[in-house]
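These notes concern the structure reproduced below.
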């Protein structure tokens, strides 16, 4: 109870997990909005224009919740992680400030025009607004991921005389190879969410026999994006990411796979429960050699287990890390299968008759959110016990003057407030769904 | 370079207070100028499409403090922990209220969210004033750059101080009235019909009070932080700002009586800008004044980050500013003219 670092971590984890439910949807929807607007602009296709109008409203609602839940993230660097801010503000402040200056100004100026400005801006202007919003939302993601990549794999820094970090090279900081891998993987994961949500809404209308034209378009676009993104999120982006973890965060990789002992011909564990005290994996189903191959491209290659690392460098929650990683990877596999089945039926022109498949697509919408959350849980727990990998430990980063009770209080406050925000979002979202994509111009 | 970084921060905070100040002001007088749901809807429409863009100035300001003076950000944010979370929750509720209101055409629903919107706007205005009051009065910084403050103690400004004392509370009230007058001036300019008339009447009542309170708080500030004024004597920029304060205040006041809406509103913006410049120039280079020992005071010189990082920030910031000004021109052209409810509610 009386460990401020624990509560600081829990509060940050809770608020960031909650917050990220919304940006992953807006980043996932934005390219589809651009695509529909482009189709409508080029061919005058009214179905696409109407779809863009409908999803722009969902986008606006999601964006607003993303904004209000995002402000606490920036605040917490100062309120809860003051020592970390002093230590590395010269670097991570750069990207956090750039996010505000370059991305947020652009997004927030244009999002109103995207949702309400179709008539006033005309087709070209409105298309440009959609492009600007999409660009802003992805740019914002990039700056945040550079910040996170620095914590995962610090580059471009120098240690000053007072022990704090200073920016040595902006090019190395912004061009962190980890950031590119992370960005590619994360944006594909956001597109999985976007594709699944659009397909799921399409399936809902199809099952109810409503808005046939729109439902067909949603299913087509959603499944196309969902299938492509589900494949890309695993290969090459997830694969690249895993290889970076393997070469730079050996202890994290070992914990993700529940690998307590080093050795050659390392296996992948499909299921199993890690027993950290006994240092073994219970009830495993394994594929020998696959981990060696995936991590280093050679089935014979030795992969270090946790025994190769001193205990104080082990991730602090090995069980959760293991489960989070396996949930992400398992769901990712199911996503490819589901979307492939959808694509086959779509290609045969029989999707609208396959009620079972439509039901599956409809009920699949929560799972990309779960997979995204599990993926981030993997990344952030794998980074432990470091706040900046190899340089600065998590418990060094907290605000010295803030005590546990105060953090518990604000955490409870956030829980209540976010419960209300979630209820509101859910009810307003379902109201828009019931109304459906029916509107022509929005005045 | 440190001076330029400090200037950028002052510029960004000022932009936030001027722009989002009228949104807060319009919000906190919403029930005074809008007696029914439709009239309150006019208030929301007047700020609706712009408030997020305005609030980004706060986020961007926070980011810039983070790059340039991370130690100051760390000390201030950790020290004001609970007060900041209160501000944060109000900002969240206010944003949610604006968004939620528009989605349902139901009078009771809208009244409820209007109440959330108005009361959070009011609390935010007071909290901003109290925060500024605390920065001017100073905080009990120790040698490690740490401090904590209780919400209140005996309301004195010396010794065992709290966040609320007679000085910070009076600055809070001043900012509340100032934002209300600023918001009323904005609504007078931006709306028509009954909301316009009520706003104009309210602005005419509020501006004399603002100027009286300004005199009062100036005297108070002179007793709490005398060095702020001695600092101003040697700095010509501060004299210019004082001219701006006088001119802006008079323009805001007289403009309302002469029914020249835009000059009055411009005067209101100029007043807030000049006040911020005068204060910032007066206290420079002090960023967080220590009430314990002068040696613990955090200044722009002692707590700026590494020069290389600052230099790079000064390289990319102007580019971002040019872009931001571009969006500014775009949205103000886009939303120009008076708000018309029927054709122009923008869904808010």
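Residue numbers (the working numbering), protein chains in the order written: chain Y, 1 to 443; chain S, 444 to 791. Glycine included, every Cβ here is placed at the ideal spot set by N, Cα and C.
DSSP state of residue i mapped onto helix, strand, coil
{"i": "residue 732 of chain S", "result": "coil"}
{"i": "residue 438 of chain Y", "result": "coil"}
{"i": "residue 751 of chain S", "result": "helix"}
{"i": "residue 271 of chain Y", "result": "strand"}
{"i": "residue 14 of chain Y", "result": "helix"}
{"i": "residue 789 of chain S", "result": "Bear in mind that the predicted position of residue 789 of chain S carries a pLDDT of just 46, short of 50, making it unreliable; the figure below should be weighed with that in mind. Coil, per DSSP."}
{"i": "residue 166 of chain Y", "result": "strand"}
{"i": "residue 620 of chain S", "result": "helix"}
{"i": "residue 600 of chain S", "result": "coil"}
{"i": "residue 595 of chain S", "result": "strand"}
{"i": "residue 159 of chain Y", "result": "strand"}
{"i": "residue 607 of chain S", "result": "strand"}
{"i": "residue 582 of chain S", "result": "strand"}
{"i": "residue 427 of chain Y", "result": "helix"}
{"i": "residue 493 of chain S", "result": "coil"}
{"i": "residue 782 of chain S", "result": "coil"}
{"i": "residue 464 of chain S", "result": "helix"}
{"i": "residue 81 of chain Y", "result": "coil"}
{"i": "residue 703 of chain S", "result": "coil"}
{"i": "residue 472 of chain S", "result": "coil"}
{"i": "residue 4 of chain Y", "result": "helix"}
{"i": "residue 443 of chain Y", "result": "Note on residue 443 of chain Y: pLDDT 42, under 50, position unreliable in the model; no value is reported."}
{"i": "residue 153 of chain Y", "result": "coil"}
Counterpart residues of residue i in DSSP-defined beta bridges
{"i": "residue 403 of chain Y", "result": "BP columns for residue 403 of chain Y are empty, so no partner."}
{"i": "residue 418 of chain Y", "result": "Partner(s): none; residue 418 of chain Y has no beta bridge."}
{"i": "residue 742 of chain S", "result": "S/729"}
Cβ pair residue i, residue j closer than 7 angstroms
{"i": "residue 471 of chain S", "j": "residue 555 of chain S", "result": "no"}
{"i": "residue 521 of chain S", "j": "residue 82 of chain Y", "result": "yes"}
{"i": "residue 104 of chain Y", "j": "residue 499 of chain S", "result": "yes"}
{"i": "residue 397 of chain S", "j": "residue 453 of chain S", "result": "Outside the shown range of chain S, which is 444 to 791, sits residue 397 of chain S, and nothing can be said about it."}
{"i": "residue 525 of chain Y", "j": "residue 183 of chain Y", "result": "Residue 525 of chain Y is absent from the model: chain Y starts at 1 and stops at 443."}
{"i": "residue 502 of chain S", "j": "residue 100 of chain Y", "result": "yes"}
{"i": "residue 629 of chain S", "j": "residue 667 of chain S", "result": "no"}
{"i": "residue 181 of chain Y", "j": "residue 241 of chain Y", "result": "yes"}
{"i": "residue 382 of chain Y", "j": "residue 252 of chain Y", "result": "yes"}
{"i": "residue 478 of chain Y", "j": "residue 328 of chain Y", "result": "The question about residue 478 of chain Y has no answer, for chain Y in this structure spans 1 to 443."}
{"i": "residue 626 of chain S", "j": "residue 469 of chain S", "result": "yes"}
{"i": "residue 226 of chain Y", "j": "residue 260 of chain Y", "result": "no"}
{"i": "residue 749 of chain S", "j": "residue 514 of chain S", "result": "no"}
{"i": "residue 649 of chain S", "j": "residue 684 of chain S", "result": "no"}
{"i": "residue 581 of chain S", "j": "residue 689 of chain S", "result": "no"}
{"i": "residue 233 of chain Y", "j": "residue 188 of chain Y", "result": "yes"}
{"i": "residue 190 of chain Y", "j": "residue 34 of chain Y", "result": "no"}
{"i": "residue 631 of chain S", "j": "residue 646 of chain S", "result": "yes"}
{"i": "residue 402 of chain S", "j": "residue 402 of chain Y", "result": "Nothing about residue 402 of chain S can be reported from this structure: the residues present for chain S run from 444 to 791 only."}
CA-to-CA distance, residue j to residue i, given in whole angstroms
{"i": "residue 203 of chain Y", "j": "residue 425 of chain Y", "result": "21 angstroms"}
{"i": "residue 585 of chain S", "j": "residue 162 of chain Y", "result": "18 angstroms"}
{"i": "residue 353 of chain Y", "j": "residue 364 of chain Y", "result": "18 angstroms"}
{"i": "residue 455 of chain S", "j": "residue 449 of chain S", "result": "10 angstroms"}
{"i": "residue 490 of chain S", "j": "residue 496 of chain S", "result": "10 angstroms"}
{"i": "residue 423 of chain Y", "j": "residue 106 of chain Y", "result": "29 angstroms"}
{"i": "residue 335 of chain Y", "j": "residue 49 of chain Y", "result": "28 angstroms"}
{"i": "residue 294 of chain Y", "j": "residue 215 of chain Y", "result": "39 angstroms"}
{"i": "residue 656 of chain S", "j": "residue 691 of chain S", "result": "15 angstroms"}
{"i": "residue 237 of chain Y", "j": "residue 60 of chain Y", "result": "29 angstroms"}
{"i": "residue 461 of chain S", "j": "residue 695 of chain S", "result": "14 angstroms"}
{"i": "residue 284 of chain Y", "j": "residue 269 of chain Y", "result": "6 angstroms"}
{"i": "residue 40 of chain Y", "j": "residue 70 of chain Y", "result": "32 angstroms"}
{"i": "residue 434 of chain Y", "j": "residue 198 of chain Y", "result": "15 angstroms"}
{"i": "residue 553 of chain S", "j": "residue 483 of chain S", "result": "9 angstroms"}
{"i": "residue 465 of chain Y", "j": "residue 179 of chain Y", "result": "Any question about residue 465 of chain Y goes unanswered here, given that chain Y covers just 1 to 443."}
{"i": "residue 721 of chain S", "j": "residue 572 of chain S", "result": "16 angstroms"}
The ligand PLP heavy atom lying under 6 angstroms from the CB of residue i
{"i": "residue 490 of chain S", "result": "Absent from the structure shown: the ligand PLP. Ligands present: none."}
Legend entry - beta strand (DSSP E) runs contained entirely in the region 250-325 of chain Y, provided each spans 3 or more residues: 268-275, 280-287
Inset, instruction - Can you check the region 362-409 of chain Y for any beta strand (DSSP E) of at least 3 residues that lies completely inside it and give the ranges in chain order? - result: 386-388
Inset, instruction - At 4 residues or longer, and completely inside the region 622-690 of chain S: list those alpha helix (DSSP H) runs for me, N to C. - result: 636-667, 669-676
Legend entry - Segments of 3+ residues assigned as beta strand (DSSP E) that fall wholly inside the region 76-146 of chain Y: none
Inset, instruction - Just list the beta strand (DSSP E) runs in the region 177-221 of chain Y, keeping only unbroken ones of 3 residues or longer that don't cross its boundaries, in chain order. - result: none
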